[in-house]
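Number of protein chains: 2
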Amino acid sequence: MRADARRNYERLLAEAKKAFDQHGIHTSLDDIARQAGLGNATLYRHFPTRESLLETMLRDSISELGSTARELLATEPTGAALATWVRAAVAHATTYRGLVTMLMDSLKDETSELNNACTSMQSSGQQLLERAQRAGEVRDDITASELFALIAAAAWTREHAPDEAGQVLTVLIDGLWPPRL
Amino acid sequence: MRADARRNYERLLAEAKKAFDQHGIHTSLDDIARQAGLGNATLYRHFPTRESLLETMLRDSISELGSTARELLATEPTGAALATWVRAAVAHATTYRGLVTMLMDSLKDETSELNNACTSMQSSGQQLLERAQRAGEVRDDITASELFALIAAAAWTREHAPDEAGQVLTVLIDGLWPPRL
DNA sequence: CACCGAACCGGGGTGTGACCCCGTATTCTA
DNA sequence: TAGAATACGGGGTCACACCCCGGTTCGGTG
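So the protein lines, in turn, are chains A and B.
In this text, residue positions in the first sequence follow full-length UniProt numbering: the first is 1, and each later residue adds one.
In this text, residue positions in the second sequence follow full-length UniProt numbering: the first is 1, and each later residue adds one.
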């Protein structure tokens, strides 16, 4: 990669982060390029789609979520481990306004650059979920993809109803316990 | 209202319904007008915003949801009444793709034409919720607006992860029961 | 160190959608 | 049936996503 290309790439990522933080993931891409002092074509050359830009920005924290899952699996008791990881996952999915929706949609879209990010997140949780189910602490009629949907629902609530989101997450986690007869 | 105006108004509503059914609430407004054989200005004159168009289209079914709540309150046992109404509310909020999000956002936006629709939906559920809480069938650390957020979360899931939505709603409803010690 | 090809860049171009403006057409009333 | 009130149409602006291509910069080579 040529030195100028690398420099511009970094600048774009930095500006994109600012813009997404402030305006959510639907911010104008042309604006990001403008703020970086570059033409929009440069942005589109490095990141052909909005998804590919996001994928790059999220790659680190996604894999971190994977490591967290592995650590929790090794060190924490079953129930607490799952709950902790779910909260971390919700926090991750609310990194930028609008992100959850895009993540959820890319899960069904093989062609999306974010598809891998989603499936890897989903399988990170799977280990924790299955262990908790074997221990009888979590109802066993739940699959990994349903757990992911629950996390997404909580994240979406945090975006659109922040005041109610805490309680929603609580209800949702309590619902994970095996149902009473 | 002049006869031609009334006729066009009806046509617009009919086309809007088709378009929203097919493409969700973010369909092109100009297209709706075109399909109705009218200029876009006519549409904007009758419905200055997308929200006002939706408000008109939803008014009937919203008030129907209110009557349903009153009926259930009179005829059904506490727990079942709440559960039934929640399912009806979720169904209503998924009438068109994208609707839940707009409803949720208008709840915090006094100026939105949909604001009334939301608050009225919320208070329809409140009676049922409080009765179930008095009967000890539902945890009492839940407010009406939190119930509304739960319904919205379920509706959003139905839009973005239809396969998982059923189970998510189940988990969510089970979480409404008073938590175990 | 000057050259050259490959890699990279910028800004203007197209298409689409929201929303407005104003000259023209239609409807109601008397 | 005429004139006033009301309503209509379609072209115009603006903002954004995304593409295209002539020009520029880099960095390896003789």
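Glycine residues also receive a C-beta, built at the ideal position from the N, C-alpha and C atoms.
On a predicted model such as this, the values are computed, not experimentally measured, just so you know.
Taking just the CA atoms, how far does residue j sit from residue i?
i	j	result
residue 143 of chain B	residue 31 of chain A	41 Å
residue 162 of chain B	residue 97 of chain B	12 Å
residue 171 of chain B	residue 68 of chain A	25 Å
residue 40 of chain B	residue 46 of chain B	10 Å
residue 22 of chain B	residue 115 of chain A	26 Å
residue 76 of chain A	residue 119 of chain A	24 Å
residue 109 of chain A	residue 66 of chain A	22 Å
residue 55 of chain B	residue 130 of chain B	28 Å
residue 88 of chain B	residue 82 of chain B	10 Å
residue 166 of chain B	residue 3 of chain A	52 Å
residue 18 of chain B	residue 180 of chain B	47 Å
residue 6 of chain A	residue 24 of chain B	41 Å
Residues in the same chain with beta-carbon distance under 6 Å from residue i, minus the five sequence neighbours each way, listed in chain order, please.
i	result
residue 100 of chain A	93, 152, 155, 156
residue 148 of chain A	122
residue 176 of chain B	138
residue 51 of chain B	112, 113, 114
Give the DSSP-derived three-state secondary structure of residue i in the structure shown.
i	result
residue 86 of chain B	helix
residue 96 of chain A	coil
residue 66 of chain B	helix
residue 114 of chain B	coil
residue 172 of chain A	helix
residue 148 of chain B	helix
residue 135 of chain A	coil
residue 177 of chain A	coil
residue 26 of chain B	coil
residue 104 of chain B	helix
residue 125 of chain A	helix
residue 39 of chain A	coil
residue 142 of chain B	coil
residue 47 of chain B	coil
residue 161 of chain B	coil
residue 31 of chain B	helix
residue 76 of chain A	coil
residue 2 of chain A	coil
residue 21 of chain A	helix
residue 60 of chain A	helix
Less than 8 Å between C-beta atoms, sequence neighbours within five positions excluded: which residues of the same chain meet that for residue i?
i	result
residue 136 of chain A	178
residue 90 of chain B	151, 154, 155, 158, 169
residue 105 of chain B	112
residue 140 of chain B	133, 178
residue 8 of chain B	36, 38, 42, 46
residue 1 of chain A	9
residue 61 of chain B	92, 95
residue 117 of chain B	55, 58, 59, 62, 103, 106
residue 173 of chain B	83, 86
residue 14 of chain A	36
Whose C-beta lies closer than 7 Å to the C-beta of residue i among residues of the same chain, with five residues either side of it excluded?
i	result
residue 43 of chain B	12, 29, 32, 33
residue 20 of chain A	27, 96
residue 127 of chain B	69, 73
residue 79 of chain B	132, 137
residue 124 of chain A	65, 66, 69
residue 53 of chain B	16, 47
residue 145 of chain A	122
residue 164 of chain A	157
residue 49 of chain A	113
Is there at least one Cβ from chain B nearer than 8 Å to residue i's Cβ?
i	result
residue 167 of chain A	yes
residue 102 of chain A	no
residue 142 of chain A	yes
residue 85 of chain A	no
residue 90 of chain A	no
residue 58 of chain A	no
residue 138 of chain A	no
residue 80 of chain A	no
residue 10 of chain A	no
residue 175 of chain A	yes
residue 54 of chain A	no
residue 157 of chain A	yes
residue 51 of chain A	no
residue 105 of chain A	yes
residue 128 of chain A	no
residue 114 of chain A	no
Taking 7 Å as the cut-off, is the beta-carbon of residue i closer than that to any non-hydrogen atom of the ligand PLP?
i	result
residue 142 of chain B	You won't find the ligand PLP in this model; it holds no ligand whatsoever.
Is the CB of residue i under 8 Å away from at least one CB in chain A?
i	result
residue 145 of chain B	yes
residue 160 of chain B	yes
residue 30 of chain B	no
residue 74 of chain B	no
residue 164 of chain B	yes
residue 3 of chain B	no
residue 150 of chain B	yes
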